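Chemist:
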Amino acid sequence: MLKKLDKIRFRGHKRDEFLDLAESPNASDTECGDEIPVKIPRTSTRDNEELRDPAGPGTIIMASGVQDFNRTESDRLNEIKGHLEIALLEKHFLQEELRKLREETNAETLRQELEKERQRRLELEQKVNEVLKARTEEVPAAQQPAKPQTQANGTDKRSHTVCSRLQKWFCDKFGEYVEDFRFQPEENTVETEEPLSARRLTENMRRLKRGAKPVTNFVKNLSALSDWYSIYTSAIAFIIYMNAVWHGWAIPMFLFLAILRLSLNYLIARGWRIQWSIVPEVSEPVEPPKEDLTVSEKFQLVLDVAQKAQNLFGKMADILEKIKNLFMWVQPEITQKLYITLWAAFIASCFLPYRIIGLAMGLYAGIKFFLIDFIFKRCPRLRAKYDTPYIIWTSLPTDPQLKERSNATVSRRLQTAASRSYVGSSTPTGISKDEDTSRFHTTKRGNFHEVFNLSENERPLAVCENGWRCCLINRDRKMPTDYIRNGVLYVTENYLCFESSKSGSSKRNKVIKLTDITDIQKYKVLSVLPGSGMGIAVSTPSTQKPLVFGAMVHRDEAFETIFNQYVKITSASSSSES
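Residues in the sequence shown are numbered consecutively from 8, following our numbering.
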């Protein structure tokens, strides 16, 4: 009896009966299918005969204990398998993030450029050394006295010395200029970029502010003249300008003003205190640079500088995009006005003398700058109606505005098409309630609205009546049973519904409201999954990491359907709110 008990106690499974995790395929290969049954070891007939001991009920209790031990071992294997799947997917996600960071930093390209620069430097050093060696060899040879050649005639010797002197004088005078005209291949030098530093960042921003200060002061003085900030100064400037334009002295006047400004700058550089500006300058307090900054101060400094750079680049981009759209006929009615104006100016320049054209342009510029702009700035309604350059500039769209307009038109078309289809597919009045309830969409577990606890009018769209098979990857969960779920994805008019394939309560299903979605993107989970690992990442405020619907064979079709319905719902909600 003791021998039989020892056999039962120390009997284990064979090595071949366990599922080898290293040799088995990745767990993510079958994430869209049903669960993989774990291979449970089977006991032989001999073992069963040994378990049936007629000595008493104690052996039966031991046999049941062995079976329970086998079941717990299989559960442990399933749990280990799930944790391995989670680790594999998390590893893939981290590799994707690392790859994106490497693409942003471009470390490989920088290393290649650095190696090229090192090779060029070595080649240049070799060439310089060779040139120096050649020169050192030529100097002693030139210093050696040449043997005098006996000449029969003294006139030949004199002519030779005159020619050598003339050649030497020509080389001394013009040799440098001849060397300047020698063609050499251009070398593409790559400037080394400095690393990011908070101190360097603040210094560059202050340099930019100091460098742009003369330009900003000049613009302020011009706007002060146009706004009649100082009535006497603006009146004198207006009279002098109009008189100079009338007599044809506009260009000499501007040249004289430039010479006067340079003369004043020379005196200021010499130490004179001269202030020549219409608007009084306000001295801003200069903060001394701090030597040691804390991490929070550095972070706040970077945020401030980034905000200023963002706003500055945004204004510059708006100006450039408006100019581009003006010349690219994005707004035909606006570009048409410019087109007609250019034709009129061309015809006038062909038939009218330049003196009359210059006089007309100068008078118009002076009247508009000193009088018309002053009136338009004081009367915004007149400016919105009659200031043609201002109207054209404000009505020119930028690229983001054009994109918003195109999205709005697409959403309107989708909304009208959906309303027509809804009217055409509405239920006739003669149908009874029993016939209407029979029209409800059903799944394997019952009616669609009952499975997901939705209203009765919610049903899948025509494109996805049967749904798309996929696996839901919830990265916020760490348990294997909650991390990956196999099932079917549906899209209704207002919701995104995921039905889990495991039998159980409806708590395992997932319902996402389309208006709660903050971002939708195409995503690639693992290439070994069905559909080449293609998936859709959906971000919501209630999840820290986006939900991934992976292993979708018809990923592009599902993405277009979800995105179009999302745009339709969001545009309808925004129009109703407005």
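All residues carry an ideal CB built from backbone N, CA and C; glycine is no exception. Every value quoted in this text rests on a predicted model; they were computed, and no experiment measured them.
1. Roughly how many angstroms separate the alpha carbons of VAL555 and GLU457, rounded to a whole number?
2. Can you tell me whether DSSP reads GLY369 as helix, strand or coil?
3. Cα separation between ASN224 and ILE266?
4. Hey, how far is the Cα of GLU144 from the Cα of GLU200?
5. Where does LEU554 sit, in a helix, a strand or coil, going by DSSP?
6. Tell me the residue span of the beta strand (DSSP E) that contains VAL1.
7. Alpha carbon to alpha carbon, how far is ARG118 from ILE527?
8. In angstroms with no decimal places, state the Cα-to-Cα distance between TYR273 and LEU319.
9. Helix, strand or coil for CYS386, going by three-state DSSP, please let me know.
10. What does the alpha-carbon distance come out to for the pair ASN481 and THR499?
11. Pull the bridge partners of GLY542 from the DSSP assignment, please.
12. Taking buried to mean at least 16 other C-beta atoms within 10 Å of its own C-beta, is THR52 buried or exposed?
13. Any idea what DSSP makes of LEU503, helix, strand or coil?
14. Along the alpha helix (DSSP H) that carries VAL226, what are the first and last residues, could you check?
15. Using only CA atoms, which one of THR209, PHE570, THR550, THR522 lies nearest to ILE543?
16. Which residues share a DSSP beta bridge with ASN493?
17. Roughly how far, in whole angstroms, is the beta-carbon of MET212 from the beta-carbon of VAL312, given that I think they are within contact range, below 8 Å?
18. Taking just the CA atoms, how far does HIS561 sit from MET541?
19. What do you reckon, are the CB atoms on ALA341 and LEU403 nearer than 8 Å?
20. Where does VAL430 fall in DSSP's three states?
21. Which residue from ALA391, VAL135, LEU333 puts its Cα closest to that of THR405?
22. What do you reckon, are the CB atoms on PRO467 and PHE459 nearer than 8 Å?
23. Report the rounded CA-to-CA distance for VAL138 versus ASN113, giving the unit in angstroms.
24. How big is the Cα-Cα spacing for LEU84 and ILE93?
25. Please decide whether LEU349 counts as near chain C, where near means a Cβ-Cβ distance under 8 Å.
26. Any idea if LYS517 is buried or exposed, counting beta-carbon neighbours within 10 angstroms, 16 or more meaning buried?
27. So, is LYS552 buried or exposed, given that buried needs 16 or more other C-beta atoms within 10 angstroms?
28. Under the DSSP definition of a beta bridge, which residues are partnered with VAL138?
29. Quickly, what does DSSP pair VAL185 with across the bridge? List them, please.
30. Tell me the DSSP secondary structure of VAL498 in three-state form.
31. Taking just the CA atoms, how far does SER204 sit from THR116?
32. Thinking TRP400 and LYS322 are a contact (beta carbons under 8 Å), I'd like their distance in whole angstroms, please.
33. Apart from the five residues on each side of it in sequence, which residues of its chain come closer than 6 Å, Cβ to Cβ, to SER508?
Modeler: So, from the listed chains and residues:
1. 25 Å
2. helix
3. 18 Å
4. 41 Å
5. strand
6. A query on residue 1 cannot be resolved here, the shown segment of the chain reaching from 8 to 585 and no further.
7. 36 Å
8. 32 Å
9. coil
10. 21 Å
11. TYR530
12. Since pLDDT at THR52 reaches only 46, below the 50 mark, its modelled position is unreliable, and the value read off the structure follows with that caveat. The residue in question, THR52, is exposed, as its Cβ has fewer than 16 Cβ neighbours within 10 Å.
13. strand
14. 205-233
15. PHE570
16. CYS478
17. 6 Å
18. 9 Å
19. The sequence given here places Ile at residue 341; Ala does not occur at that position. Yes, Cβ-Cβ distance for ILE341 and LEU403 is below 8 Å.
20. The predicted position of VAL430 is uncertain, since its pLDDT is 48 and thus under 50; a value taken from the coordinates is nonetheless stated next. Three-state result, VAL430: helix.
21. LEU333
22. no
23. 38 Å
24. 14 Å
25. Of the protein chains in this structure there is only one, and it is not chain C.
26. buried
27. exposed
28. None, per the DSSP bridge assignment.
29. VAL185 is not bridged to any residue.
30. strand
31. 22 Å
32. That belief does not hold up - the Cβ atoms of TRP400 and LYS322 are roughly 13 Å apart, past 8 Å.
33. ASN493, GLY494
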